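First up is the structure itself, then whatever we jot down about it.
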Amino acid sequence: MVIYVGREGVLRTNHLNEELARLKELCVDLEWLRAGVLPSFEDLEDAPFIDDYSFVQRGVVALQGKVTGHPLLGATTAMTSDLCVFAPDLGWARTLSRFYRLGSPSPAMAKWIQA
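Counted from 1, the sequence shown has number 40 at position 31 by the numbering used here; the numbering is strictly sequential.
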């Protein structure tokens, strides 16, 4: 996200309120994780499912894979937003935007996880 301030000092940004809400939700989830509270079944029940996933670099680390149940994308091959928490042994990940339930990693990713 880029926040643009014009010459007049006027803040120009698209969707700033939405971005702030997304970051606040991430902070709440990170606070819970720091306190030792993992996502519940209910937290993950409606989370998109990503299968055949792997890390991808796009300036930041993200996941790429076959996503189903995404609220905006539906079912497609997609790249996530920034990866913030990765818990493959527990079957979930938290990106900047949301939780994901993890399916099977790609073969290359499986080797990396086992290393």
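The beta-carbon is built from N, C-alpha and C at its ideal position, and this holds for glycine as well. All of these numbers come straight from a predicted model, not from anything done at the bench.
**Asked** W101 and R107: beta carbons closer than 8 Å?
**Response** no
**Prompt:** D91 and A71 look like a contact to me (Cβ under 8 Å); what is the Cβ gap, rounded to whole Å?
**Reply:** 6 Å
**Asked** Quick one: Cα of A56 to Cα of Q66, how far?
**Response** 23 Å
**Request:** Return the CA-CA distance between W41 and E17, expressed in angstroms with no decimal places.
**Result:** 41 Å
**Message:** Alpha carbons only, please: which of V37, C93 and L99 is nearest the one belonging to F50?
**Reply:** L99
**Request:** Would you decide whether L35 is buried or exposed? Buried here means 16 or more other CB atoms lie within 10 Å of its CB.
**Result:** Per the 10 Å Cβ criterion, buried.
**Asked** What residue ranges within the stretch 19-72 form continuous beta strand (DSSP E) runs of no fewer than 3 residues, ordered along the chain?
**Response** For the stretch 19-72, whole beta strand (DSSP E) runs of length 3 or above, ordered along the chain, are 58-66.
**Prompt:** Given a threshold of 16 other Cβ atoms within 10 Å of its Cβ, counted over all protein chains shown, does R43 qualify as buried or as exposed?
**Reply:** Answer is exposed; the Cβ neighbour count stays below 16.
**Message:** Can you look up P80 in the DSSP assignment and give me helix, strand or coil?
**Reply:** coil
**Prompt:** Out of Q73, Q123 and R103, which has the shortest C-alpha to C-alpha gap to D127?
**Reply:** Summary: the structure shown does not reach residue 127, with the chain confined to residues 10 through 124, and so no result is reported for it.
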